[in-house]
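Chains as they are written, first to last, in the UniProt record's numbering: chain A, 1 to 161; chain B, 1 to 161.
All C-beta atoms, glycine included, are put in the ideal place defined by N, C-alpha and C.
Structural data, given as structure tokens:
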């Protein structure tokens, strides 16, 4: 992949690694093909899309990766993880599945970044549910992942330590 | 301090260190005396009190520390940081102040835990604004800190790596 508009060279490496991680998870774990739209540089403030999985990043990079989706998409993610079930509401088992989805993204992101010789630790996921706003000291780069089960927005706010 | 009801021995050490960190910041940086109420073991789900500062923890412990407060308390924290100004609404500079407050808590928590020979990294803070719910794979322990400028709830969800 190449560096994209609004994303500088160093960041593009990270963005591409995180994009590979998210698309790999959607494809290999959920069997869902993904189109990655142009990443864009958001402000330091982003809206949450009802269900957000927050992953804290420490190590050579530090900050957050926030995977945000609306509730129907979250239901589809849970349904796909449970082998294609139709889910209309997320119960405790469903939230555990969303957390596991977050763990997958976290683990794969760490692996993909280590291939770029960037070593990070990622926290266990915490989920934020409800309409709210995130504010970070650093601007977010947003990766829009479009799939047949809905849109996943991956918001990345990290800096070199 | 001693281990408290509902909190096991290992966790009590962490809880006490985090309590010391938060009370030190409120006292020495904001000049606000704090009473610490009995910590309680919450569920894996907690409500956000309008303004939450999320700190990711990696290292020997991993998880999250979430400092949650209502908006009037957040305004008072910002006002105290700005030398006693009266603040009725949080602007960009105010949000930066809240992030800095998060950084103080993060840094002091890491220092206090290192005194207990527990080494952790803490991410830069991300703020969540708005009524929402947090869900963690591990139960939260909630430390209620009462002060003249309002209540600060410190929600801790960490486990040994």
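C-beta atoms of residue i and residue j nearer than 8 Å
i              : j              : result
residue 101(B) : residue 77(B)  : yes
residue 23(A)  : residue 36(A)  : yes
residue 54(B)  : residue 64(B)  : yes
residue 132(A) : residue 41(A)  : no
residue 98(B)  : residue 34(B)  : no
residue 48(A)  : residue 134(A) : yes
residue 123(A) : residue 56(A)  : yes
residue 153(B) : residue 26(B)  : no
residue 16(A)  : residue 59(A)  : no
residue 79(A)  : residue 87(A)  : yes
residue 73(A)  : residue 151(A) : yes
residue 156(B) : residue 62(B)  : no
residue 104(B) : residue 29(B)  : yes
residue 31(A)  : residue 130(B) : no
Assigned exposure category for residue i - 16 Cβ within 10 Å defines buried
i              : result
residue 85(B)  : exposed
residue 160(B) : exposed
residue 117(B) : exposed
residue 69(B)  : buried
residue 94(B)  : buried
residue 91(A)  : exposed
residue 82(A)  : exposed
residue 43(A)  : exposed
residue 147(B) : buried
residue 5(B)   : The pLDDT assigned to residue 5(B) is 47, lower than 50, so where the model puts this residue is not dependable, and the model offers no usable value.
residue 75(B)  : buried
Bridge partner(s) assigned by DSSP for residue i
i              : result
residue 59(A)  : 120(A)
residue 141(B) : 41(B) and 156(B)
residue 47(B)  : 133(B)
residue 68(B)  : 52(B) and 153(B)
residue 126(A) : 54(A)
residue 35(A)  : 146(A)
Residue i beta carbon near the ligand ATP (any heavy atom closer than 7 Å)
i              : result
residue 149(B) : With respect to the ligand ATP, the structure offers nothing, as it holds no ligand at all.
Next on the checklist: Assess contact between the stretch 11-31 of chain B and the stretch 107-116 of chain B, defined as three or more Cβ pairs (one per stretch) separated by less than 8 Å. Is contact present?
Outcome noted: yes
Checklist entry - Counting only runs that start and end within the stretch 73-98 of chain A, where is the beta strand (DSSP E) found for 3 or more residues in a row? => result none
Checklist entry - Listed from N- to C-terminal order along the chain, which residues in the stretch 118-138 of chain B have their beta-carbon within a distance smaller than 7 Å of any beta-carbon of chain E? => result No chain E is present in this structure, whose protein chains are A and B.
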